[in-house]
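Here's the structure, in structure tokens; my notes come after.
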Amino acid sequence: MSSIGSVMISSPSQITVQIDSLEVFESNKSDLQVGKYIKIEDGNHNFAIAIVKNIAGKNDDDSWVFTIDATPIGALIANGSGFDFIKGTPVLPVPTEPVYIMDPSTLDILFSNDGAFNFNIGTLSNNVAVNFNLHGNRFFSKHIGIVGSTGSGKSCAVSRILQNVVGITPDGYALHGQQNNSHIVIFDLHSEYAAAFEIPGERNFTLNNLTVDALQLPYWLMNSEELESMFIESSESNSHNQMAIFKRAVIANKKKHNPLLLDATYDTPCYFSISEVVNYIDNIDREVIGRKEGEGKPKLVDGTLIENQDESYFEARLTFVVSSAAAATKATNGPFHGEFNRFISRLETRLSDDRLRFLLKPAKPDGERFGTNDFNLLLQQFIGYSNKSNVTIFDLSGVPFEVLSVTVSLLSRIIFDFSFHNSKLKHADGEENDVPILLVCEEAHNYVPASGSAMYRASRKSIERIAKEGRKYGLSLMVVSQRPSEVSPTIFSQCSNFIALRLTNKADQNYIKGLLPENTSSASEMLPSLGQGEALVVGDASIMPSLVQLPRPIPEPKSASVDVHSVWNESWNEPNFVNVIKRWRKERADG
Ligand SMILES: Nc1ncnc2c1ncn2[C@@H]1O[C@H](COP(=O)(O)OP(=O)(O)O)[C@@H](O)[C@H]1O
Ligand SMILES: [Mg+2]
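Numbering (numbering that gives the first Met the number 0), first residue to last: 0 to 590.
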């Protein structure tokens with residue numbers, strides 16, 4: 000192969016090349032576009048590899064001069080029989096050294112599916128004959144960021160990657176009957192993903208699809224923070240008192256229902272009755288203390304003195320004596336008289352909200368309530384062990400907005416705690432966690448936002464904890480967002496690999512450029528003009544930063560978008576107003 004030009008200027012961040020002549024430029028035009036690779040000989044049989052950043056032509060006295068600026072990204076080092084690719088700039092060419100276009104055989108060396116680079120996600124977008132493989136372990140053992148504007152192909156990319164993982168190929172479910180040990184949990188905000196795992200026919204795929212109607216998520220699994228964000232309005236002036244009384248009641252009630260758990264705390268995942276807790280607080284709110292000689296305790300209208308509030312206040316709303324200054328009936332209002340009025344009415348409103356049934360009145364198929372011993376069942380359901388599924392989808396589309404954060408927080412924390420405790424048990428036996436889980440956070444800006452709003456404190460905290468510590472316990476994140484600049488920076492700064500699809504928003508482009516390594520700056524200039532399903536893939540799992548064309552998933556996720564113009568051109572459609580309103584009001588099938 001003959002050279003096309005020679006190095007003029009060389010630095011670790013940029014190499015400038017002059018093309019030999021107009022004829023050479025013309026005949027190699029298609030290989031000299033922005034984003035393509037060039038290789039440069041160093042005189043010792045090694046080559047530097049660089050990505051074309053820009054091309055300039057100048058016409059002086061009727062003769063053309065073409066120069067190319069390229070960013071060095073790695074080197075091919077001769078190893079006797081062939082070449083090894085090494086990232087970075089171990090080889091920096093000097094001026095006059097010859098420059099070549101990247102021939103297919105070199106691309107093959109670089110991207111051949113050898114050993115650890117064994118996870119295919121598509122082809123090079125500049126050269127569709129070359130498969131692009133990721134280092135499977137590096138990719139999935141760390142956190143992954145998938146970003147791109149609406150419609151750029153994020154959901155399709157996620158679906159395709161997950162299909163590869165679980166063995167769904169364009170020909171169907173290849174691993175039917177010989178399921179692998181992959182464990183994926185998806186937070187799906189728009190009911191998109193179930194469609195990507197529905198394989199018709201006999202070789203179907205078992206999916207664990209938890210819609211708001213199938214999901215049973217008992218409130219008593221919540222930790223103190225989640226309970227407080229669910230029930231306590233931190234902006235109210237007496238929120239401190241509310242928290243204190245709520246905590247006292249919850250702990251006492253957990254002890255009451257779980258006598259065998261000796262040290263049940265506010266955070267122990269065991270049953271308590273929220274309605275009994277409301278009774279308790281209501282009694283505290285209305286109690287009257289008998290003040291006659293020898294009393295000094297809450298006193299009921301029938302004269303009974305309450306010896307122990309923790310024993311008496313849960314069962315019912317009690318009727319106390321009326322306060323009185325007369326010696327024969329002396330009694331004074333309790334210390335918290337009237338303090339919790341608003342708190343109680345808020346608790347009652349929550350408890351009667353039918354949309355929150357999945358949290359506040361969860362029930363087993365036989366109608367029984369879940370008890371402490373059912374934690375096992377619940378946990379298995381959350382990670383696909385109830386029906387032996389590789390993929391669990393939490394379809395959050397029906398979860399009311401105001402409890403989305405708490406729901407995400409609770410689920411992700413339980414998955415984290417499971418991974419943590421399972422890892423610790425395994426480590427104690429000198430083994431590794433054998434149930435590593437990938438948690439996919441679709442539309443993450445919705446529940447892990449960068450802004451510090453109190454509303455999302457719970458979910459942000461849980462997911463940030465996974466971002467910081469999850470890897471150690473075999474729990475990795477795939478964070479998907481169309482607004483990366485609005486996602487908590489803690490999350491993206493912990494991602495080791497990025498799949499960046501088309502990004503049109505300037506703030507998001509800049510944000511992503513800031514996260515990517517220096518030598519990808521030329522490639523990231525391409526972000527606004529990428530095609531559908533075309534992505535810049537960067538990180539320690541890819542042999543070098545590359546523009547990759549992802550194939551479409553088969554089947555596809557159900558896209559959230561509507562082809563408005565086509566639908567408008569149909570003949571007049573009648574919506575079913577009755578059903579729409581029914582759904583709107585969340586009427587139940589039986590009601
Ligand atoms: N790899 C791909 N190749 C071709 N077209 C694609 C590809 N990925 C997505 N598309 C098209 O783009 C549309 C939007 O994709 P989607 O994944 O829903 O985008 P996003 O989640 O980023 O909003 C899809 O309906 C599909 O038609
Ligand atoms: Mg999407």
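Backbone N, C-alpha and C fix where the C-beta goes; we use that ideal spot for every residue, glycine too.
{"Query": "Just to confirm before moving on: does the CB-CB distance between Glu225 and Leu409 stay below 7 Å?", "Result": "yes"}
{"Query": "Report back the beta-carbon spacing between Val486 and Ile185 to the nearest angstrom; my notes put them in contact at under 8 Å.", "Result": "Wrong, their Cβ atoms sit about 17 Å apart, outside the cutoff."}
{"Query": "Since Gln17 is in the beta strand (DSSP E), which residue starts that stretch and which ends it?", "Result": "14 to 18"}
{"Query": "Taking all protein chains shown into account, decide if Asn393 is buried (16 or more other Cβ within 10 angstroms of its Cβ) or exposed.", "Result": "Before going further, note that residue 393 is Phe rather than Asn in the sequence given. By the 10 Å Cβ count, Phe393 comes out buried."}
{"Query": "Quick one: is the Cβ of Lys153 within less than 6 Å of any heavy atom of ligand 2?", "Result": "yes"}
{"Query": "Nearer than 6 Å: is that true of the beta carbon of Gln493 relative to any heavy atom of ligand 1?", "Result": "no"}
{"Query": "Taking just the CA atoms, how far does Phe419 sit from Thr105?", "Result": "44 Å"}
{"Query": "According to DSSP, is Arg285 part of a helix, a strand, or is it coil?", "Result": "helix"}
{"Query": "Decide if Gly152 is buried, meaning its Cβ has at least 16 other Cβ atoms within 10 Å, or exposed.", "Result": "buried"}
{"Query": "So the candidates are Leu500, Asp41, His426, Ala213; which of them puts its Cα closest to the Cα of Ser385?", "Result": "Ala213"}
{"Query": "Rounded to whole angstroms, how far is the Cβ of Leu438 from the Cβ of Ile413, which I believe are closer than 8 Å?", "Result": "Leu438 to Ile413, Cβ: 11 Å. No contact."}
{"Query": "Kindly identify the DSSP beta-bridge partner or partners of Thr66.", "Result": "Gln17, Ala55"}
{"Query": "Who does Asn332 pair with in a DSSP beta bridge?", "Result": "Val287"}
{"Query": "Output the distance between the C-alpha atoms of Ser565 and Asn445, rounded to the nearest integer angstrom.", "Result": "30 Å"}
{"Query": "Does the Cβ of Phe196 have 16 or more other Cβ atoms within 10 Å, making it buried, or fewer, making it exposed?", "Result": "buried"}
{"Query": "Considering only residues of the same chain and omitting the five flanking positions on each side of Val98, which have a CB-CB separation below 7 Å?", "Result": "Ser2, Ile3, Gly4, Ser5, Val6, Val16, Ile37, Ile39"}
{"Query": "With burial defined as no fewer than 16 other Cβ atoms inside 10 Å of the residue's Cβ, what is the status of Asn208: buried or exposed?", "Result": "buried"}
{"Query": "Between which two residues does the beta strand (DSSP E) containing Ala195 stretch?", "Result": "Segment: none, Ala195 is in no beta strand (DSSP E) and carries neither H nor E."}
{"Query": "For Asp41, count neighbouring C-beta atoms within 10 Å of its own C-beta (all shown protein chains included) and say buried if the count is 16 or more, exposed if not.", "Result": "buried"}
{"Query": "Once DSSP output is grouped into helix, strand and coil, what is the label at Arg368?", "Result": "strand"}
{"Query": "Please state the DSSP three-state secondary structure of Ser363.", "Result": "Residue 363 is actually Lys in this sequence, not Ser. If DSSP states are grouped into helix, strand and coil, Lys363 belongs with coil."}
{"Query": "Excluding the five sequence neighbours on either side, which residues of its own chain have a C-beta within less than 6 Å of the C-beta of Ser523, listed in chain order?", "Result": "Lys512, Leu515"}
{"Query": "Identify the residues that DSSP records as bridge partners of Pro71: which are they?", "Result": "Ala49"}
{"Query": "Chain D beta carbons: is any one of them nearer than 7 Å to that of Ile39?", "Result": "Chain labels in this structure do not include chain D; a single protein chain is all it has."}
{"Query": "May I ask which residues mark the beginning and end of the beta strand (DSSP E) holding His142?", "Result": "142 to 146"}
{"Query": "For Thr318, collect the residues of the same chain with a Cβ closer than 7 Å to its Cβ; drop the 5 residues on either side in sequence, then sort them by chain order.", "Result": "Leu299, Val300"}
{"Query": "Could you tell me whether the region 129 to 142 touches the region 47 to 66, using the rule of 3 or more Cβ pairs below 8 Å?", "Result": "no"}
{"Query": "Could you give the DSSP three-state label for Lys38: helix, strand or coil?", "Result": "strand"}
{"Query": "Got a sec: does ligand 1 put a non-hydrogen atom nearer than 6 Å to the Cβ of Thr149?", "Result": "yes"}
{"Query": "Within its chain, find whatever has a CB closer than 6 Å to the CB of Tyr279; leave out the 5 residues flanking it on each side and keep chain order.", "Result": "Ala248, Tyr312, Phe313"}
{"Query": "Could you tell me whether the Cβ atoms of Ile85 and Ala69 are closer together than 7 Å?", "Result": "no"}
{"Query": "Reducing DSSP to helix, strand and coil, say where Phe339 ends up.", "Result": "coil"}
{"Query": "Could you pull out every residue in the same chain whose Cβ sits closer than 7 Å to the Cβ of Ile553, ignoring the five residues on either side in sequence?", "Result": "Pro169"}
{"Query": "If the criterion is Cβ atoms closer than 7 Å, does the pair Ser181 and Val164 meet it?", "Result": "yes"}
{"Query": "My output table needs one value for Lys581: the three-state DSSP class, helix, strand or coil.", "Result": "helix"}
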